[in-house]
Amino acid sequence: MNAPAPRRKWILALGAGAAVAVGVALVTTDRWTVTEPAARVDPRAMTVEYVYDGDTVRTRDGKGELTVRVLGIDTPETVKAGYTVGCWGPESTAYARAALDGVAVRVSTDPLADAVDDYGRTLAYLTLPDGSDYGTAAVRTGMAKAYAYGRSTGRLTEDIARAEGEARAAGAGLWGPPCAGITDSVPLEGN
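If you're matching positions, the sequence shown starts at 18 in the numbering used here and goes up one per residue.
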């Protein structure tokens, strides 16, 4: 029986705080390896083409499209098949659509965070035209919770955590009634 061929991986090097793809290799490291070349993107301007929910969007530029799971935040479920809609989910999605739909944003990955999630979505920050971070703004208004995905916390973790503290103290959005911070989705009957 033949051994399976090693899977190709992109090795990333850090330069001036940005992730830069340097080539394909058959060796990997635990910290800076991703499984697809499109996973790490240099910061670039893209337009939000579609908002799935409060923390997932599809963006497009002249190079193609990218599905982005916003780093540092989590919003209540609204489109997860076989699950209920989470408390404050529709409000979070409406907020994201108002803030992002059709907007030119800067998409930037974080070398301290995982590059992709389990669904193959690129994990990235979205910088709004005014220079503010979408995730931090969503958390500050109570439309999202602070959330660290995977092995690492990312560069905006402290800002997002502070924003969550402000939202909690104010009882903003999902921290107020009727949710009081409880936004879990549960499997639908029969699932």
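Even glycine gets a Cβ: it sits at the ideal position worked out from N, Cα and C.
Q: In the DSSP assignment, find the unbroken alpha helix (DSSP H) run with residue 121 in it and report its ends.
A: In the sequence shown, counting from the first residue as 1, residue 121 sits at position 104. From DSSP, residue 121 is part of no alpha helix (DSSP H) but of the beta strand (DSSP E) over 121-125.
(Q) Taking its Cβ as the centre, do 16 or more other Cβ atoms sit within 10 Å of residue 184, making it buried, or is it exposed? (A) Start at 1 with the first residue of the sequence shown, and residue 184 comes out as number 167. With 16 or more other Cβ atoms within 10 Å, it is buried.
Q) Under three-state DSSP, which class holds residue 203? A) As a first step, residue 203 must be located in the sequence shown, where it is residue number 186. In the structure shown, residue 203 sits in coil (DSSP, three-state: anything other than H, G, I, E or B).
Q.
So if DSSP puts residue 81 in a beta bridge, which residue, or which two residues, is it bridged to?
A. Within the sequence shown, residue 81 is the residue found at index 64, counting from 1. 78.
Q) Between which two residues does the beta strand (DSSP E) containing residue 141 stretch? A) By one-based count along the sequence shown, residue 141 stands at place 124. Unbroken beta strand (DSSP E) run through residue 141: 139-144.
**Q.** Counted within 10 angstroms of its Cβ, other Cβ atoms place residue 109 as buried (16 or more) or exposed
**A.** The count along the sequence shown starts at 1 and reaches residue 109 at position 92. Taking all protein chains shown into account, residue 109 has 16 or more neighbouring C-beta atoms within 10 Å of its C-beta and is therefore buried.
Q) Taking the alpha carbon of residue 146 as the point to measure from, which residue in 112, 123 and 69 has its own alpha carbon closest? A) Sequence index remark: in the sequence shown, residue 146 carries index 129 (1-based). The alpha carbon of residue 146 has as its nearest neighbour, out of 112, 123 and 69, the alpha carbon of 123.
Q) residue 119 to residue 86, Cα distance in whole Å? A) In the sequence shown, the residue the question calls residue 119 occupies position 102. In the sequence shown, the residue the question calls residue 86 occupies position 69. CA-CA distance, residue 119 to residue 86, rounds to 17 Å.
Q. Candidates 84, 195, 72 and 79: which alpha carbon is nearest residue 93's?
A. The residue given as residue 93 occupies position 76 in the sequence shown. Of the candidates 84, 195, 72 and 79, the one whose C-alpha sits nearest the C-alpha of residue 93 is 72.
Q. For the candidate residues 80, 148 and 97, whose alpha-carbon lies nearest to that of residue 203?
A. Position 186 of the sequence shown, counted from the start, is the residue given in the question as residue 203. Taking the Cα of residue 203 as reference, the smallest distance to any Cα among 80, 148 and 97 is reached at 97.
Q: Indicate whether residue 156 and residue 165 have their beta-carbon atoms separated by less than 7 Å.
A: For the purposes of this step, residue 156 is taken as residue 139 along the sequence shown, with counting starting at 1. For the purposes of this step, residue 165 is taken as residue 148 along the sequence shown, with counting starting at 1. Contact flag unset, no.
**Q.** According to DSSP, residues forming a beta bridge with residue 73
**A.** Walking along the sequence shown from the start, residue 73 turns up at place 56. DSSP lists 70 and 86 as partners of residue 73.
Q: Measure the alpha-carbon distance for residue 129 versus residue 171 and round it to whole angstroms.
A: Here residue 129 refers to the residue found at position 112 of the sequence shown. Here residue 171 refers to the residue found at position 154 of the sequence shown. Going from the Cα of residue 129 to the Cα of residue 171 covers about 5 Å.
(Q) Is it the case that the segment 76-86 contacts the segment 136-155, given that we only count it when at least three CB pairs across the two stretches are under 8 Å? (A) With the cut-off at 8 Å, the segment 136-155 and the segment 76-86 touch.
Q | Contacting residues, own chain, Cβ-Cβ under 6 Å from residue 212 (five flanking each side not counted) | A | The structure shown does not extend to residue 212, since the chain is modelled only from 18 to 208, so the question has no answer here.
Q | Closest residue to residue 195 among 103, 74 and 62 (Cα-Cα distance) | A | Numbered from 1 along the sequence shown, position 178 holds the residue referred to as residue 195. Taking only the C-alpha atoms, the option nearest residue 195 is 103.
Q: Classify residue 195 as helix, strand or coil using the three-state DSSP reduction.
A: Within the sequence shown, numbered from 1, the residue matching residue 195 stands at position 178. Of the three classes helix, strand and coil, the one that applies to residue 195 here is coil, per DSSP.
Q. Looking at C-alpha atoms only, which residue of 62, 176 and 179 is the closest neighbour of residue 77?
A. Residue 77 sits at position 60 when you count from the first residue of the sequence shown. Checked all of 62, 176 and 179; the closest Cα to residue 77 is 62.
Q: Determine the DSSP secondary structure at residue 164, reduced to helix, strand or coil.
A: One-based indexing of the sequence shown puts residue 164 at position 147. For residue 164, the secondary structure class from DSSP, reduced to helix, strand or coil, is coil.
(Q) Among 100, 152, 192 and 81, whose alpha-carbon lies nearest the alpha-carbon of residue 173? (A) For the purposes of this step, residue 173 is taken as residue 156 along the sequence shown, with counting starting at 1. Taking residue 173 as reference, the option from 100, 152, 192 and 81 with the minimal CA-CA separation is 152.
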